[in-house]
Amino acid sequence: MLSFIRQTLKDYYHVGAIAPSSRALARALAKSLEERPPAGAMHVLEVGPGTGALTRGILERLHAGDTLVLCEINPDFASQLAHKFSTDPEFTRWKNATEIICKPVEELATTRSFHHIVCGLPFNNFQPDTVRMIFAKFDALLQKDGTVNFFEYVAIRHLKRLVANRAERQRLESVEAILTKLIANHQFRQQLVLWNLPPAWARSLRFSENGTLMRSGA
Ligand SMILES: C[S@@+](CC[C@H](N)C(=O)[O-])C[C@H]1O[C@@H](n2cnc3c(N)ncnc32)[C@H](O)[C@@H]1O
């Protein structure tokens with residue numbers, strides 16, 4: 005918890021949270037992993053794992069043979085995660101099934117694809133073009149009928165807008181327009197998780213074929 009707050013103070017733009025997610029939010033975001041591929045192993049990508057709060061929810065859903073890629077931009081978080089996979093009993097079992105990649109998700113190669121993406125990114129801190137680019141990347145990384153699972157803090161954009169200047173308000177409105185369209189076109193489940201600081205909506209989107217996202221004009 006302390007190390008998370010330290011990173012928040014150091015780089016609020018990328019961390020964008022005051023505390024790691026709760027186990028309740030982790031479970032809500034990992035629910036899509038109950039949908040397994042008809043045959044063979046399931047491949048999962050987590051983006052922005054931080055200290056591994058959502059990772060715990062994912063690991064609970066993995067079966068032997070499944071794989072997990074963790075893409076984290078922050079080298080301190082990436083090394084904390086690597087340490088966890090060597091020492092924490094909830095993580096060690098999955099060490100050989102897991103790969104930690106320390107780079108921005110925007111730069112992740114699209115040479116492999118995933119059944120599910122669990123995402124902890126703070127979209128409300130990003131420029132609209134970055135949000136668009138990240139969802140286009142998700143689209144390219146997903147298998148057909150794959151899911152993207154992410155959270156939004158309740159009422160956070162509204163609260164931010166109250167104290168924002170004009171340029172910042174416009175940025176937030178553009179990010180909201182992108183997310184609202186994606187949600188309208190692709191969301192198949194939402195869950196309000198009150199047991200989180202602050203409370204959050206867990207959202208699950210499905211992209212039925214690659215390129216849908218780009219064509220929907222999000
Ligand atoms: C809100 S924190 C979430 C941490 C953790 N998943 C949780 O729920 O407690 C956002 C995380 O995304 C990471 N991050 C931000 N931008 C990123 C990017 N472009 N690519 C990969 N990771 C990123 C941050 O370093 C941070 O770990």
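Heads up: the sequence shown begins at 5 in this note's numbering, then just goes up one per residue. Note that the Cβ used here is the ideal one computed from N, Cα and C, for glycine as well.
Simplified DSSP state of residue i, which is helix, strand or coil
i: residue 64; result: helix
i: residue 71; result: strand
i: residue 21; result: coil
i: residue 198; result: coil
i: residue 180; result: helix
i: residue 112; result: coil
For residue i, the first and last residue of its enclosing beta strand (DSSP E)
i: residue 97; result: Taken as a continuous stretch (DSSP letters only), residue 97 belongs to no beta strand (DSSP E), as it is neither H nor E.
i: residue 40; result: From DSSP, residue 40 is part of no beta strand (DSSP E); its letter is neither H nor E.
i: residue 204; result: 204-211
i: residue 49; result: 47-51
i: residue 77; result: Run containing residue 77: none; DSSP gives neither H nor E here.
i: residue 123; result: 118-123
Boundaries (first-last residue) of the alpha helix (DSSP H) holding residue i
i: residue 7; result: 6-14
i: residue 30; result: 27-33
Integer-rounded CB distance, given that residue j should sit under 8 Å from residue i
i: residue 49; j: residue 121; result: 5 Å
i: residue 206; j: residue 153; result: 7 Å
i: residue 21; j: residue 126; result: 6 Å
i: residue 178; j: residue 147; result: Not really, about 29 Å apart at Cβ, beyond 8 Å.
i: residue 25; j: residue 200; result: 6 Å
i: residue 89; j: residue 102; result: 6 Å
Neighbour flag for residue i against chain D, beta carbons, 8 Å
i: residue 41; result: Protein chains in the displayed structure number just one, and chain D is not present.
Could you tell me which uninterrupted beta strand (DSSP E) segments, each at least 3 residues in length, are contained entirely in the region 128-178, listed from first to last along the chain? 146-157
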